[in-house]
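Chains W, D and R, in that order, are what the protein sequence lines are. The number in our numbering is simply the position in the first sequence, starting from 1, with 1116 added. The number in our numbering is simply the position in the second sequence, starting from 1, with 16 added. Note that our numbering numbers the third sequence so that position 322 is 313, with each residue one more than the last. Everything on this sheet refers to the single structure shown next.
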Amino acid sequence: MSNVFGEAYGLTTISPIIDGRTDGVHHAQELRATLARLPRGRHSPFASVSGTHTARWFVVDDLISEAYPAKEDHLNSKYLVFIADFDGALEQYVSSLVASIPEVIDSVWGHCVGYPGSSRPLAVLDYVRDCQVNTTLYFGGYPGASVENVLRALLVQREAIQFVEQTRQLPSGELQAAFRRFRDRMEKAPTPAPGSM
Amino acid sequence: MPNLAGKSYAFNAFTPIGRGRVFLCRLAFVLIRLASFKIVQKLLYKVSLVADQQRLVDLSFIHFARWTIVRRRDWPNFGDGQPGDSPVYAYMLFASNFNGQWEQYIDAFSAVVPGGMDLIWNTNVGYPGAKPITRFLAYIRQNQFDTDYYYSAYPHSATSDIRGALDLVAQMSAFAERTESIAPTKFKDEFERFLISVSHDLSTTGRAPWADDPDEPIMPRTPIPRDESPAAVEQDEQLAVWGPA
Amino acid sequence: MTTAHRLDWADIQGNILRGYNLPVARHCFYRVANAMLARQLIASLLDEVTTAEDERADGGKWSEGSKPHSTLNIAFTYSGLAALGVPEPALFAFPPEFRVGMRARAKILVDRGTSAPDYWESLWQEEQVHVALLIYAPNQRALGERYDALNERIDRNGGLSLAGIQDAAMRTVDGMMQEHFGFIDGFGNPDVVGAPGKTRPGRGKVMADGTWAPIAAGCFVLGAIDEHGEPSPTPQPSLMFRNGTFMVYRKLHQNVGTFRRFIREEGERLGISPDLLAAKMVGRWFDGTPLELSPDRPDPEIVADPNRNTNFVYADDTQGARCPMGAHIRRANPRDSLGFGGVLVNPRRVIRRGIPYGAYTPPNALGDDNAEHGLIFIAFNASIAQQFEFVQQQWMNYGNDFNQGNDKDPLVGNHIERDKMLIPGDAAAHPKQHTHLCMGLPTFVETRGGDYFFMPSLAGLGVICNAPQRAISMAGAPSAATMSRL
């Protein structure tokens, strides 16, 4: 039962979607439309939730049945699955979500049964825990590296190529000085925006 | 149906676990996790399972992957008039982020770690085995759920790019320390040596020509203004009758 | 130990399993004007189609080095099969990439910028090409004779109208083809299980014990067992598809001027000879010597020995010090570079039967980017998507599998993003070899046209022109598998 791999936490939640319509709005359909309209890439709301490596939502309308001799299997509700890989502990991440992107999570989980709303952060944490299913086996390709580590490393990688190209012809002493300046610049450089690398 | 974010693909599948076989399924994962401990690795060196675990790492196109057993009682119920769920089967939810197109990825798994795939999925109903590959692909595809929204913090970077970048940073620190007080005339030679050791870490990242544009919206926020010209109206009417060409 | 199943050479068209190695070619492309007449014409040509058999109608044997007067082969695009009246269930059984044709796959193939279909020759715009008649010959005279004879019959029949002709001719050096940049080419074709011809070390796949084995036939011939150990997907009706193959045909223009200037100027900037720079881009010296076997200089003795000129693995060169990971031949066939016993490489092999077109540039000339010359790239594979398209997209125009990030194949990649190339150094070499970085590569190869073709077996040709009885007698005794389906 391991939700953690290296420094990363893998959260899986399954939330029942409110059945049918309320005030004419069909929850499952509106939820899908909302997800389709969310900005992507560097404009994604998750870019402002620090420590998010990846995040996804998908709707489970029903289970997929296998052929004979498997028994037919159905769900009585539709469910929204949320899967995220992030740095740090669950509690701190959920409060990040509530603090950074309250309207977004309200517009998505607002279609789910029992969601308390971002105005009640502690209740949201309880809600997430109630919806959480523990990961059985979790695997990451770069354990121990936080989002910040990765973004900064990618920046160094990009700049290093330029550095190598520009300093090819320099004599040894000047190269050494240039290298020191390069390291200095890298240390002081702002972390690239999530979703931009 | 945006399964893609730049170079990353979000894959999700729910597969039913045979009745009474949840314990076996869990055991398979325990074995795999145990195999990741070096001591156990040494003890079980001959076991191909261990080799498979290492191979999984070596395949190095996975950012994050997880397997979750969803028991029959795990489907949340908050009352509120919501009908509860206790399906016939327990399910295994497999969710991963990897690079490349999904067929290429599944292809590699079937070819390289069939033992590992079998160990994980053997308890699943209808699983045909990792080989032959066409049946494996069909089973996986049939049980795939497309992603409705996908975000990756590094859409333009593949896993090996990231690992290369992290290695570069580590090596650069070590190199800087090593050459802290070296004579200026000797620096260039050392730098050449350092370059050679990191030549595989200097990946150019960025949008791959075939990859998705991660910034592009799936659906525009504002409705597209309707073209009211006669030609467009006629086309709309035709579409209404015949469907898209 | 099972005996390898010998393929039905009489049923499989020629130049697939064993290259003709004939120096001149005329590729004739037709549009179907009248389906019934066209089918009659093709039926009348069945006797003349060159197969993979060793002994020919003229009594000569390929294996003895005897060459025919000329050869003839037939292939179809999807729109061609539809135009000929192949029934819909059979049409819809074709894989999607073949059905839409190569122009529609431009995004996948990275045919962008100057390689975009908008800039292709008029022959390859719209769906004009239905049928391809491919003629090869030992000399221009024989080629002309064969073409004239065919043309006369085509004219009389009236079912096909000519859309265009592509002539091609290769210059050879010691029997090996030389392409327009100056490289000796043609070492990389795989040995195939059950195919005619000799096997040579290095051409197939390397086994755990270091020996070489041929690649499974199903990678190139529909219905045979492939490298996954299953029969390569063969749609129904199997008589039409079995023993057929897919041909990828691409007219690739070569910017000889840009290439020669690049290796000269960039070589000077880096302090290495143009020949060495070219070799690092490709993985072989101009004369064909593999860098892996001779990293410092060309070696004609290695080139001349078919047991040596492609006999190598990359196990001792994981850092790419001898042959860079991103070099052309290492991308096209990574051999043991990707680990796992080659299972990620072997299913991706293709058979290449390319032939240059246009006038050659003299060795010391500057080269002219606007001259009409390049390579007619022809590849045979059982699955265009899993083989050619995969290699083109993931190995030629991307570098992740080789830890090269976004870097493309230096020679054939579409450098629309002005990609870089990194040549690793070698600290152990004497003299020491530096790391070299070339930024902003120009594009040396541009796509000017082409399409995906289906090259059926003789039985398949018979089915397509509605002459199944004849097709069976052409193919000799049908196999048990075929009989059971009839």
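For glycine and all other residues, C-beta sits at the position ideal for the given N, C-alpha and C.
As computed with DSSP, residue 360 of chain R is found in no beta bridge at all. Here DSSP, grouped into helix, strand and coil, assigns residue 210 of chain R to helix. Comparing C-alpha distances from residue 454 of chain R to each of R:158, R:253, R:230 and R:320 shows the shortest one belongs to R:230. Three or more beta-carbon pairs separated by less than 8 Å link the region 74 to 92 of chain D to the region 1161 to 1171 of chain W, which places the two stretches in contact.
Excluding the 5 residues flanking it on each side, residue 175 of chain D has same chain C-beta neighbours closer than 7 Å at 76, 77, 78, 79 and 115, in chain order. If you check each beta-carbon in the region 1274 to 1308 of chain W against every beta-carbon of chain R, the ones closer than 8 Å belong to 1277, 1280, 1281 and 1284. Here DSSP, grouped into helix, strand and coil, assigns residue 172 of chain D to coil. For the region 223 to 234 of chain R, the set of residues with a beta-carbon nearer than 8 Å to any beta-carbon of chain D comprises 224, in chain order. Residue-level contact by beta carbon fails for residue 151 of chain D and chain W, as no gap is shorter than 8 Å. When DSSP assignments are scanned along the region 103 to 139 of chain R, the uninterrupted stretches of beta strand (DSSP E) that are 3 or more residues long and fall wholly within it turn out to be 122 to 128.
Cβ atoms of residue 1266 of chain W and residue 178 of chain D come within 8 Å of each other, at about 6 Å. Shown here, residue 213 of chain D sits in a helix according to DSSP, grouped into three states. Proximity of chain W to residue 232 of chain D at the Cβ level (cut-off 8 Å) is accounted for by 1156 and 1157, in chain order.
At a cut-off of 8 Å between beta-carbon atoms, residue 411 of chain R makes contact with chain W. Between the alpha carbons of residue 408 of chain R and residue 41 of chain D lies a distance of about 48 Å. Assignment of beta-bridge partners to residue 238 of chain R by DSSP yields R:371 and R:444. Taking a C-beta distance under 8 Å as the contact criterion, residue 25 of chain R and residue 125 of chain R do not qualify as a contact pair. Between residue 1245 of chain W and residue 1127 of chain W, the alpha-carbon positions lie close to 10 Å from each other. DSSP places residue 276 of chain R outside both helix and strand once states are collapsed to three, so it counts as coil. If you draw a straight line from the Cα of residue 73 of chain R to the Cα of residue 79 of chain R, it is about 8 Å long.
For residue 81 of chain D, there is no enclosing alpha helix (DSSP H); the residue is part of the beta strand (DSSP E) that begins and ends at 78 to 86. Boundaries cannot be given for residue 387 of chain R, as no beta strand (DSSP E) includes it and DSSP labels it neither H nor E. In this chain, the alpha helix (DSSP H) harbouring residue 1224 of chain W covers 1218 to 1225. Taking a C-beta cut-off of 8 Å against chain W, the contacting residues of the region 417 to 437 of chain R are 426, 428 and 430, listed in chain order. A residue is called buried when at least 16 other Cβ atoms come within 10 angstroms of its Cβ; residue 1184 of chain W does not meet this threshold and is exposed. Its chain contains 213, 445, 446, 447, 448 and 451 as the residues whose beta carbon lies nearer than 7 Å to that of residue 235 of chain R, once the 5 sequence neighbours on both sides are disregarded; these appear in chain order. Any Cβ of chain D closer than 8 Å to the Cβ of residue 1254 of chain W would place that residue at the interface, and such an atom is present. For residue 1300 of chain W, the enclosing alpha helix (DSSP H) covers residues 1288 to 1304. Proximity of the region 1221 to 1232 of chain W to the region 1147 to 1163 of chain W meets the contact definition, three or more beta-carbon pairs being nearer than 8 Å. Proximity of the region 314 to 323 of chain R to the region 189 to 203 of chain R falls short of the contact definition, fewer than three beta-carbon pairs being nearer than 8 Å. Taking residue 1175 of chain W as reference, the option from W:1188, W:1296 and W:1198 with the minimal CA-CA separation is W:1198. Any Cβ of chain D closer than 8 Å to the Cβ of residue 1225 of chain W would place that residue at the interface, and such an atom is absent. Residue -4 of chain R does not reach chain D, its nearest Cβ partner there being about 18 Å away, counting only Cβ pairs nearer than 8 Å. Inclusion of residue 1161 of chain W and residue 1220 of chain W in the CB contact set at 8 Å is warranted, their separation being smaller than that value. For the set R:382, R:342 and R:350, the Cα lying nearest the Cα of residue 370 of chain R is the one of R:342.
Its chain contains no residue whose beta carbon lies nearer than 7 Å to that of residue 1295 of chain W once the 5 sequence neighbours on both sides are disregarded.
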